[in-house]
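All remarks here apply to the structure that follows.
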Amino acid sequence: VYCDFISIKMMSTPPENDVILNIYKITINSQENENSRAAGFLDRILHPMGMGSYHTSITLRDDNYSFAAVAGITKTTIRNEPTPPNATLQESINLGPSTFQSRGEINQIVNNLRVTFHGTSYHLANRNCNHFTETFATALTMGDRLIDGKRPKAVNKYPAWVNRLAKTGTKLGLDGGDVCNVWIEARKAAGADTKVDHDLVTSSSSSKQTTKRTVQKSKHKKKELTEKQKAALEKLKLKT
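Mapping the sequence shown onto my numbering, position 137 (from 1) lands on 137, and the numbers just tick up by one.
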């Protein structure tokens, strides 16, 4: 959970456009800073319950992304990756292909995430590196499922245990910072919420215009029939 470092290490080169989650097991040093001591305290209490302290990062193509206090979202190349202190790479999981292909689209998602994932928004329990990687992976891999506006869906291969310690801390009332909502923030980062709103507005406007034209046409048609009826009545009057 403690993430005051730049991330990332890959065991092998991932396929093109595949989103890779890198999971590091953190060894807590009680002499570290306040975040580390708090993580150590939680780790000692909750480890027997199957929880632990982990750092995660995302690898996409030749780039690695992670989130940390002060630094915010960082992007490094695989070739220049540093090894996180007090951390051991536990495993790398392929979460599936990104539905966004161009670097411009990916960079836009990252820039959108910077709105809520910045250096001063980091919080041990409520907004940490694992919240970032889950949100980023959701934005990258969920595709049209983000746009349909239905209830939240989790990335299938993202392990729930990775951030269980932090989420337990949130439930225990560790205050401070804004609690991350993965689904909502992923939709915003991918632009899905804007697209849905735009489509609804366009659809609603189009529907109103169609209804108006239909009503006008109906009224016009009714007026023509009335004139014919009047003409027929005049002819009947002349004959009589």
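C-beta: ideal position from N, C-alpha, C; glycine also.
These numbers were taken from a predicted model, which means no experiment stands behind them.
Close beta carbons around V19, own chain, < 6 Å, minus the five adjacent residues each side
L60, L95, S98, A137, L140, T141
Our contact map puts I26 next to N86 with C-beta atoms below 8 Å; I'd like the distance itself, whole angstroms only.
6 Å
Are G143 and A71 closer than 8 Å when you measure CB to CB?
no
Using the Cα positions of I78 and L174, report the straight-line distance between them to the nearest angstrom.
35 Å
Using only CA atoms, which one of N130, E227, V115, L146 lies nearest to D193?
L146
Same chain, Cβ closer than 7 Å to A190, five either side skipped, listed in chain order
I109, A139, L146
Out of curiosity, what's the CA-to-CA distance linking F132 and Y122?
10 Å
Measuring CA to CA, which of T168, S92, T74 is closest to A125?
T168
K75, enclosing alpha helix (DSSP H) - first and last residue
Not the alpha helix (DSSP H): K75 falls in the beta strand (DSSP E), residues 72–77.
Contact set for Q90: own chain, Cβ-Cβ below 8 Å, skip 5 residues either direction
I23, Y24, K25, Y54
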